[in-house]
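Colleague: Please see the structure below; I have some questions.
Shown next, in the form of structure tokens:
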């Protein structure tokens, strides 16, 4: 009976400990710095169906294994709401133009807003987005920057990059 009285407290402590582990209480800081250029192999998916990201990443991983690519980093490019387009793929070391299964492009060097969030598991993407997106929005608005595509790279942490473009109003 005594143990049952403390069960809700233990559950709450467990939830708080898990949220701390996931990074829910970490502050988000934005830097402005040059990033790129990047060589990007990718597939395009519908931006309204985020469930396709994992499946598409797995498909591309299998394709890249066939061609013995190494030193690759997962990257997703989310375009502003009006385009409903997401590019899912990998950054690779060298430019590639002849893979029939994948699109290829070079993302030029550009000035970006940069921040990161800890990578623990797949829930990190959801929690990271919910913490990072409002901070990016506030930074853009306070600096009169236009809403541009957001690039999400998985490295040791989840790195969020958003190209800086001044607004024309």
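Numbering (the working numbering), first residue to last: 189 to 357. By construction, the Cβ of each residue, glycine as well, lies at the ideal position given by its N, Cα and C atoms.
1) Are any of the Cβ atoms in chain C nearer than 8 Å to that of residue 317?
2) Can you list, in chain order, the residues of its chain with a C-beta nearer than 8 Å to that of residue 345? Leave out the 5 residues immediately preceding and following it.
3) Comparing C-alpha positions only, which one of 228, 210, 253 sits nearest to residue 292?
4) Which residues share a DSSP beta bridge with residue 230?
5) Quick one: what's got a C-beta closer than 8 Å to residue 296's C-beta in the same chain, skipping five residues either side?
6) Please state the DSSP three-state secondary structure of residue 348.
7) Please classify residue 208 as buried or exposed, where buried requires at least 16 neighbouring CB atoms within 10 angstroms.
8) Taking 8 Å as the threshold, find out whether the stretch 236-250 comes into contact with the stretch 269-283 through three or more Cβ pairs.
9) Looking at the secondary structure, which residues open and close the beta strand (DSSP E) in which residue 334 lies?
10) Just verifying my parser: in three-state terms, what is the DSSP assignment at residue 196?
11) Would a C-beta distance cut-off of 8 Å place residue 300 and residue 352 closer than the cut-off?
12) Between residue 266 and residue 194, what straight-line distance do the alpha-carbon atoms span, to the nearest angstrom?
Modeller: Walking through what the data contain:
1) Looking for chain C here will not work: only one protein chain is present.
2) Within the chain shown, residue 345 is the residue found at index 157, counting from 1. Around residue 345: 304, 305, 306, 307.
3) Your numbering for residue 292 matches position 104 in the chain shown. Closest option to residue 292, Cα to Cα, is 228.
4) Residue 230 sits at position 42 when you count from the first residue of the chain shown. For residue 230, which the question treats as bridged, DSSP gives the partners 277, 291.
5) By one-based count along the chain shown, residue 296 stands at place 108. For residue 296, the CB contacts under 8 Å within the same chain, skipping 5 residues up- and downstream, are 224, 225 in chain order.
6) Stepping through the chain shown from its first residue, residue 348 is reached at position 160. Strand, per DSSP.
7) The sequence position of residue 208 within the chain shown is 20, counting from 1. Looking at its Cβ environment, which holds fewer than 16 other Cβ atoms inside 10 Å, residue 208 is exposed.
8) Output reads yes: the stretch 269-283 touches the stretch 236-250.
9) If you number the chain shown from 1, residue 334 lands on position 146. Taken as a continuous stretch (DSSP letters only), residue 334 belongs to no beta strand (DSSP E), as it is neither H nor E.
10) What you label residue 196 is simply residue 8 of the chain shown in a count that begins at 1. DSSP places residue 196 in helix when its eight states are reduced to three.
11) For the purposes of this step, residue 300 is taken as the residue at position 112 of the chain shown. For the purposes of this step, residue 352 is taken as the residue at position 164 of the chain shown. Contact: yes.
12) Against the chain shown, residue 266 aligns to sequence position 78. Against the chain shown, residue 194 aligns to sequence position 6. Rounded to the nearest angstrom, the gap between the Cα atoms of residue 266 and residue 194 is 45 Å.
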